[in-house]
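Notes follow once the structure below has been shown.
Protein chains in written order, with our numbering: chain A, 1 to 491; chain B, 492 to 732.
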């Protein structure tokens, strides 16, 4: 799960904030994606109804996952494929390595797959001496750079054209121009050779249709189709939750996924594969393996986080997230970044390891609003925080601060006094303009970045009470003089 | 009509003038204002940080404070969202407090929402000559679903020129304790927001949540930018500070 040697989120974020090239590239890409999504939603119409439909399908599927997993496996085997259920990362990797060894594979081509990133599959295959080539253009770029993906659907979103030209020039052994057509032409030539020489093609799986045992791949570059047709063996790897029951359900998902991901009505290629090549087929692999990966997913079933399994990996939450916009994907330090990464990573990788992630959010809920299957991502972040508090893993200073907070604000008279003290305590720290700028103690979190105004001389509640007293006195005055009876009353 | 004002702790301590303006505006529209004196905080800082038990105790205090009120108005989208969206959930498994939480949720309104949707105010009847832009806070728009109400009112303020804020729906980076825990990211978000505000060439920034405005105002001040920052209630009060 971990993609960075730097273990502190704070330091990774700080590094990213200082990288203006990265921030400009991410901002630009995010802008393109989210505008595209908005336009695509409007063009389709009834977007909220589509979202609700998508949510209902995902909920039904996940609630009946055991049934659909079995149906899927049966149907894939009926079609002549081999199905393996991998409970852990280790089991999944071992199986793929075993197939590669049995097939005597020397070269593997891959189309984009986040779950294979989660498994760190390339590392294992390379250790076996297999040459692994990523064929998605973005994945190819980051493979050359030796980096993990920084976005679920656009892995090299953090790189600009100039940086890509430098990487390609290194492979070419000559300086390549940095215009898009030249760069694409170069990549295409390199990748074409890899496709023709590969023994095994490895893909992910956008959706697996249980009723027919079909793997569906949604892509734009055609590389997924070449990966699944040219090599003798095709291995598809899927997270155990990536199932849709029927083709009708798939239809809804194919309305939601490309629009939410890239703002496209449909991607250039939607490839559906039901098993290996049959006698009458003109092409296709001789063998087809489906690796269904659990790796912690099934433990999420029945917990407060179950909705996270509804995710269809469109990346829409990343594309609207302001935190992601400023720090990019690598700063999260995990394979899955952005809002979905903040929810999912602690569940798959362990909270002790990933305790910082749920706090890297202003809870603005742009993610929940963007999610095509209505996962309440920001609420799940609060759920994570709550669990940390319940388990007693928060810093003692924070725990005491909230204990004190509760003690004060549940006692109105004490609260009023505390508000008065706050000004007295802060006043000596303020400058001539009444602003606190000193960066000491608990103030630092605020004052390191912003000025703090002093609390008001008189709180509103104190003012209101004073006004009430004045008002009462005004009402009393004339009557005391005129009737001479109020003296007794007020006594 | 009589309403109880939920001042909010932030406005009570740091920005009492906002609540004073809210009282004046409500009175001008014929509303009698009452301020229950045992009110403190809605518990949002604790809730958002995961301190649910603390949040529950604080929420009970607020529920008790407004028990006798028929209608509660607050000049904060975020605190209104806390009461309306989170309170019923906070007490979902508590048969004693759940109905009381739901009752408070049902009678609580954000300030501009109350003016437009309950009182039916169309013309706020006020003049405030300035070039301004409006910040939409996340909890108010996404949480509470109140998006256009402040604009409905501000559009009718005489002399007020409203400049549309680019990327209006993007978070300003406040996020309560997020501003302190992730100060660097929070400031980067504020700076982006400030850049967009500057693009509008507005001289006044108007908002409905003093949390956002506290953070943006503090960042503006740190960067030496002389923008006036006002709550909607202050604008409807003729810009009084």
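All C-beta atoms, glycine included, are put in the ideal place defined by N, C-alpha and C.
Remember, it's a predicted structure, so these values are computed and weren't measured experimentally.
- The three-state reading of DSSP puts residue 375 of chain A in coil, since its state is none of H, G, I, E or B.
- Between residue 494 of chain B and residue 522 of chain B, the gap from beta carbon to beta carbon is short of 8 Å.
- Secondary structure of residue 335 of chain A (DSSP, three-state): coil.
- The C-beta of residue 629 of chain B comes closer than 8 Å to at least one C-beta of chain A.
- Sequence-ordered contacts of the stretch 262-276 of chain A with chain B are nonexistent [C-beta pairs closer than 7 Å].
- Taking the beta carbon of residue 552 of chain B as reference, the chain A residues within 8 Å of it are 409, 410, 412, listed in sequence order.
- For the stretch 415-426 of chain A, the set of residues with a beta-carbon nearer than 7 Å to any beta-carbon of chain B comprises 415, 419, 422, in chain order.
- Sequence-ordered contacts of the stretch 705-726 of chain B with chain A read 706, 709, 710, 712, 713 [C-beta pairs closer than 7 Å].
- Within chain A, not a single residue places a beta-carbon under 8 Å from that of residue 578 of chain B; the smallest gap is close to 14 Å.
- Counting only Cβ-Cβ distances below 9 Å, residue 458 of chain A has contacts in chain B at 507, in chain order.
- A direct Cα-Cα distance of roughly 23 Å separates residue 128 of chain A from residue 141 of chain A.
- Within the stretch 244-285 of chain A, the complete alpha helix (DSSP H) runs of at least 4 residues fall at 247-261.
- Not one beta carbon of chain A lies nearer than 8 Å to the beta carbon of residue 702 of chain B.
- Rounded to whole angstroms, the separation of the alpha carbons of residue 224 of chain A and residue 598 of chain B is 55 Å.
- Of all alpha-carbon atoms in A/54, A/329, A/260, A/20, the one lying nearest the alpha-carbon of residue 373 of chain A is that of A/54.
- Around the beta carbon of residue 173 of chain A, fewer than 16 other beta carbons sit within 10 angstroms, so the residue counts as exposed.
- Between residue 33 of chain A and chain B, the shortest Cβ-Cβ separation is not below 8 Å.
- For residue 237 of chain A, the enclosing beta strand (DSSP E) begins and ends at 233-239.
- Below the 9 Å Cβ cutoff, chain B contributes 708, 709, 710, 711, 712, 713 as neighbours of residue 451 of chain A, in chain order.
- By the rule that beta-carbons nearer than 8 Å mark a contact, residue 58 of chain A does not touch chain B.
- Cα atoms of residue 513 of chain B and residue 724 of chain B: separation of roughly 5 Å, rounded to the nearest angstrom.
- The alpha-carbon separation between residue 425 of chain A and residue 543 of chain B amounts to approximately 29 Å.
- The beta-bridge partner set that DSSP reports for residue 169 of chain A is empty.
- Residue 680 of chain B reaches chain A at 322, 323, 326, 362, counting residues in chain order whose Cβ is nearer than 8 Å.
- Taking all protein chains shown into account, residue 378 of chain A has 16 or more neighbouring C-beta atoms within 10 Å of its C-beta and is therefore buried.
- Cβ contact annotation for residue 438 of chain A (same chain, cutoff 8 Å, sequence separation greater than five): 429, 447, in chain order.
- Around the beta carbon of residue 117 of chain A, 16 or more other beta carbons lie within 10 angstroms, which makes this residue buried.
- Counted as a single uninterrupted DSSP element, the beta strand (DSSP E) harbouring residue 525 of chain B occupies residues 523-525.
- Not a single CB atom of chain A sits nearer than 8 Å to the CB of residue 599 of chain B.
- Taking C-beta atoms as the reference points, residue 710 of chain B and residue 449 of chain A count as a pair closer than 8 Å.
- Collapsing the DSSP output to three states places residue 3 of chain A in coil.
- Going by beta carbons, residue 623 of chain B and residue 693 of chain B fall inside the 8 Å limit.
- Residue state for residue 305 of chain A is assigned as coil, using DSSP reduced to three classes.
- The stretch 636-647 of chain B makes contact with the stretch 607-614 of chain B, as at least three CB pairs between them are under 8 Å.
- In this structure, residue 16 of chain A places its C-beta atom within 8 Å of the C-beta atom of residue 330 of chain A.
- One finds 538, 539, 541 in chain B with Cβ atoms closer than 8 Å to the Cβ of residue 382 of chain A, taken in chain order.
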